[in-house]
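Each number in our numbering corresponds to the 1-based position in the sequence shown with 54 added. A quick write-up on the structure given underneath.
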Amino acid sequence: KRRNAIVVSARDIASVIKTHTAGVTWTPDALHRVESAPDFVRAGIKKAAEWSARKEGLKMITSSDLTRFRNRAMMQAVRRMKGFGLGELNFDAFEIARKRVPRLKDNPQAEQRFAAIKNHVETHRKPEGGLGLLDREMLERMKAELKKGRTDE
């Protein structure tokens, strides 16, 4: 339940720890999607989805909510890549980000996480270009966003 409180009470913390829900519940479909995600992104997906749900005032996360949150996050990532000057989807963004983003400099955990993501993408890419639930349509939207506003084409 959203209390709009500035101070988090011990009762709030105890409830989150006890239920592992961070103030929202999950439909079985949505929870299954999170549980079937690769280990290296599972906790981040759950945390980000719960944060987004609370921000929107949702009490329950459905599979369609999870898709919407994922698509929004992917487009934000693409806009960051565009800000780095990239014009196509590739893994060069990490090298640029490592130089420009202070928390990524000399961060072995970030390098390990990135290597795991890159390996997963390269080994699970489908022939038609999709990657699991990240289908071809979403990839095309991401590519279009990167090209939007470029004058060299």
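Cβ atoms here follow ideal geometry from the backbone N, Cα and C, with glycine treated the same way.
Starting from residue i, trace the alpha helix (DSSP H) both ways and give me its first and last residue.
i      : result
LEU143 : No alpha helix (DSSP H) holds LEU143; DSSP gives it neither H nor E.
LEU193 : 190-201
VAL175 : 162-178
Anyone know if the C-beta pair for residue i and residue j falls short of 7 Å?
i      : j      : result
ALA151 : LEU140 : no
PHE94  : ALA170 : yes
LEU6   : VAL132 : With the chain covering only 55 through 207, there is no way to say anything about residue 6.
ALA103 : LEU120 : yes
ASP83  : SER117 : yes
VAL88  : LYS100 : yes
Based on DSSP bridge pairs, tell me the residues matched to residue i.
i     : result
THR79 : MET114
Quick test of your reading: residue i and residue j, contact by CB under 8 Å. State the CB separation rounded to the nearest angstrom.
i      : j      : result
LYS180 : LEU143 : LYS180 to LEU143, Cβ: 15 Å. No contact.
VAL78  : LEU112 : 6 Å
PHE145 : LYS172 : 5 Å
May I have a chain-ordered list of the alpha helix (DSSP H) segments no shorter than 4 residues that lie completely inside the stretch 90-139?
93-110 and 117-137
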